[in-house]
Ligand SMILES: [Mg+2]
């Protein structure tokens, strides 16, 4: 499968709350251009896979069912964009767990590539943190850093750095080589 974008969720598609934990549905807040960006991807025949670290599960703030409920709400809010989201991959651990899935490890991206037959070299990982960019690099994708974190970071290894998600998807669409 081609034209797949791996997208971080919190801080990239939806605003990261001050406490960095989207642990209630009323903490879901889209960025102003999220729907437009996803519509742009859909109109250009891209599909999306969500790749998200959720340390709130390891911390006991939410369980996996709560995560599914909250994430389904996110997907429902994004649906009007027309984007096809193939699947959400979630790491339920914290950094203390030394798991095999938490970004910057590439495991979730590699699993998606295997499950859906995705050509990683042609794909992009997009996120607001260094761990997103390094996960993409570790998996063999191109990467776009979006400067939409509460405290935006610089990551020199990123293929491209975008001020917004809309700018990121326009860059990807313009530079995509089939
Ligand atoms: Mg993020």
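Numbering (my numbering), first residue to last: -4 to 173.
Even glycine gets a Cβ: it sits at the ideal position worked out from N, Cα and C.
Query raised in the report: Out of 39, 130, 21, which has the shortest C-alpha to C-alpha gap to residue 68?
Result: For residue 68, the nearest C-alpha among the options comes from 21.
Query raised in the report: Per DSSP, residue 5 forms a beta bridge with which residues?
Result: As computed with DSSP, residue 5 is found in a beta bridge with 9.
Query raised in the report: Is residue 122 helix, strand or coil when you go by DSSP?
Result: Residue 122 carries a strand assignment under DSSP once its states are collapsed to helix, strand and coil.
Report task. Spatial neighbours of residue 7 within its chain, please: CB distance less than 7 angstroms, with the 5 preceding and 5 following residues excluded, ordered by chain position. Result -> Excluding sequence neighbours, residue 7 sits near 121, 122, 123, 141, 143, 160.
Query raised in the report: Do you know offhand how far residue 119's Cα is from residue 72's?
Result: Cα-Cα distance, rounded: 23 angstroms.
Query raised in the report: So, do the segment 36 to 45 and the segment 55 to 65 have three or more beta carbon pairs nearer to each other than 8 angstroms?
Result: Under the 8 angstroms Cβ criterion, the segment 36 to 45 does not count as touching the segment 55 to 65, having fewer than three qualifying pairs.
Query raised in the report: Can you list, in chain order, the stretches of the alpha helix (DSSP H) that have 4 or more residues and sit fully within the segment 149 to 173?
Result: Taking 4 residues as the minimum length, the alpha helix (DSSP H) runs contained wholly in the segment 149 to 173 are 160 to 170, in order along the chain.
Requested in this report: Could you tell me the distance, in whole angstroms, from the CA atom of residue 126 to the CA atom of residue 36?
Outcome: One C-alpha to the other measures close to 23 angstroms.
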